[in-house]
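Okay, so the sequence shown: first residue is 0 according to numbering that gives the first Met the number 0, each after it adds one.
Just so it is clear, CB atoms sit at the ideal spot from N, CA and C, and this is done for glycine as well.
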Amino acid sequence: MVDYLPKTILVPLDEDEAYTGCVEFVHALYPEKDRLTLILHYIEPPLAPVYKGTPSSPAMREKKKNLLAERREKTKAILDRARRRLVELGFSEELVQEHVQERELSVAHHACRLADMKKVDAVVVPKKITSKLEGFLKGNPTPDFLHHCLVSPIWFVEGRPSTERAVLAVGPENTSLRAVDHAGFMLAETKTLVDLVHVSSRVSGVISSGVETKSADYLRWESSSQNREARTFMDESVRILINAGFTPDRIRLVVHPGKNVADSLLDYCRVVKAGIVVLGHSKPGGTWGFLKSSITEKLISSAMNLSVWVNQ
0 MVDYLPKTIL
10 VPLDEDEAYT
20 GCVEFVHALY
30 PEKDRLTLIL
40 HYIEPPLAPV
50 YKGTPSSPAM
60 REKKKNLLAE
70 RREKTKAILD
80 RARRRLVELG
90 FSEELVQEHV
100 QERELSVAHH
110 ACRLADMKKV
120 DAVVVPKKIT
130 SKLEGFLKGN
140 PTPDFLHHCL
150 VSPIWFVEGR
160 PSTERAVLAV
170 GPENTSLRAV
180 DHAGFMLAET
190 KTLVDLVHVS
200 SRVSGVISSG
210 VETKSADYLR
220 WESSSQNREA
230 RTFMDESVRI
240 LINAGFTPDR
250 IRLVVHPGKN
260 VADSLLDYCR
270 VVKAGIVVLG
280 HSKPGGTWGF
290 LKSSITEKLI
300 SSAMNLSVWV
310 NQ
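In structure tokens, the structure reads:
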């Protein structure tokens, strides 16, 4: 029997409760929550520059005192609301932590820095954020989180993803194996089934196989010298999942036809009704320049009722 390790997940909060879909997804994924710590991270809006430091007049000092009190009260209400919701969902109150700080940089920058400090296993954010909160990240958080969360994996959540099946993108690069390793660690104790999917322009139709008894089509595919590198990464991905605690019957091997990896993965997710897709994201040359044509952005921007897990 595998002894599963505790896990820690960071959830950035906002006053409009866009985070609720994230915590409901985590709730559905982990029916057993006794090894799961959640860190609720709230960024308070800064006071106006005129209140920086010690105000010069008694009236200004009193005004600053009142503003800080109002902000504390608002922050407490937001955290209390989030904590109540988590307890309703079955999370242990003792395993829910809170972290509050004043905004100096972007929300993503603060969240990713805290994630690195706390060594969390994932940062869970909604695909889209809309908030009246002054200074909170609005619109599409993808580029900012990908720019700053270079260590901690990010889970983008859209709609109400199913947790029954996850698609793990397997490509010939080490970021792909790191993503599989992350998924193995986070999913082994769940009931989620996993499909290891390699997208190839060399096949004309979907090839699907079990792990212990491989299909004839898959055996033909892996025996080709052209597919040696891809087969090596598929085999290594299976090994990683088995070592994480997966049984072979939870793993499916898939070779999917296509030249556009993102479109192929999205098509496959729709067909098998997968609610999770996991991939490794690498930046060309290590430079920040998030291209709209990239696999990662395409997956996230097109996601519907899907959680996209990005490991860098």
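Glutamate 171 versus glutamate 14 - alpha carbon distance: The amino acid at residue 171 is misidentified as glutamate; the sequence shows proline. Taking the straight line from one Cα to the other gives about 42 Å.
Lysine 258 to aspartate 120 span [Cα, whole Å]: Going by the C-alpha atoms only, they are around 32 Å apart.
Cβ-Cβ separation, isoleucine 250 to leucine 195 (assumed contact under 8 Å), whole Å: Contact between leucine 195 and isoleucine 250 holds, since their C-beta atoms are separated by about 7 Å, short of 8 Å.
Residues of its chain near glutamate 188, where Cβ-Cβ distance is below 6 Å and the 5 sequence neighbours each way are ignored: Excluding sequence positions up to five before and after glutamate 188, its CB lies within less than 6 Å of the CB of Tyr3, all in the same chain and listed in chain order.
Same chain, Cβ closer than 6 Å to alanine 261, five either side skipped, listed in chain order: Correct list, in chain order: Ile294, Lys297, Leu298.
Identified DSSP bridge partners for valine 391: Absent from the structure is residue 391, since the part of the chain shown begins at 0 and ends at 311.
Distance, glutamate 103 Cα to aspartate 143 Cα: Straight-line Cα distance between these residues: approximately 15 Å.
Any beta strand (DSSP E) of 3 or more consecutive residues that is wholly inside the stretch 210-259: The qualifying runs are 250-256.
Segments of 4+ residues assigned as alpha helix (DSSP H) that fall wholly inside the stretch 6-31: Counting only unbroken stretches of 4 or more residues, the alpha helix (DSSP H) elements lying wholly within the stretch 6-31 are 19-28, in sequence order.
For tyrosine 41 and histidine 26, the rounded distance between their alpha carbons: Going from the Cα of histidine 26 to the Cα of tyrosine 41 covers about 20 Å.
Chain B contact for alanine 58 (CB, 8 Å cutoff): Included in the structure is just one protein chain, with no chain B present.
Serine 306: first and last residue of the uninterrupted beta strand (DSSP E) it sits in: Segment 305-310, the beta strand (DSSP E) holding serine 306.
Arginine 164 - partner residues in DSSP beta bridges: DSSP links arginine 164 through a beta bridge to Leu192.
Neighbour-count burial assignment, lysine 314, 16 or more Cβ in a 10 Å radius: Outside the shown range of the chain, which is 0 to 311, sits residue 314, and nothing can be said about it.
Other residues of its chain near serine 301: CB distance less than 6 Å, five sequence neighbours each side excluded: Excluding five sequence positions before and after serine 301, the CB atoms of its chain that fall closer than 6 Å to its own CB belong to Leu265, given in chain order.
Segment contact, 8 Å Cβ cut-off, at least three pairs: the stretch 231-251 with the stretch 173-193: In short, these stretches touch, since the Cβ pair count reaches three.
Own chain residues within Cβ distance below 7 Å of glutamate 101, not counting five before or after: Answer for glutamate 101: Glu43, Pro45, listed in chain order.
Length of the line joining the Cα atoms of glycine 134 and serine 263: Because glycine 134 sits at a pLDDT of 38, beneath the cut-off of 50, its placement in the model cannot be relied upon, and the point is left open.
Selection from Arg82, Leu149, Val198 that minimises the alpha carbon distance to leucine 113: Among Arg82, Leu149, Val198, the Cα nearest to that of leucine 113 belongs to Leu149.
Own chain, CB closer than 8 Å to threonine 36, minus 5 neighbours either side, in chain order: Pro5, Lys6, Thr7, Ile8, Leu94, Val95, Gln96, listed in sequence order.
Per DSSP, cross-strand counterpart(s) of serine 208: Among the bridge pairs identified by DSSP, serine 208 is matched with Leu252.
Where phenylalanine 90 falls: helix, strand or coil (DSSP): Here phenylalanine 90 carries a coil assignment [DSSP, helix/strand/coil].
C-beta atoms of proline 256 and glycine 209 nearer than 8 Å: For proline 256 and glycine 209, no; Cβs fall outside 8 Å.
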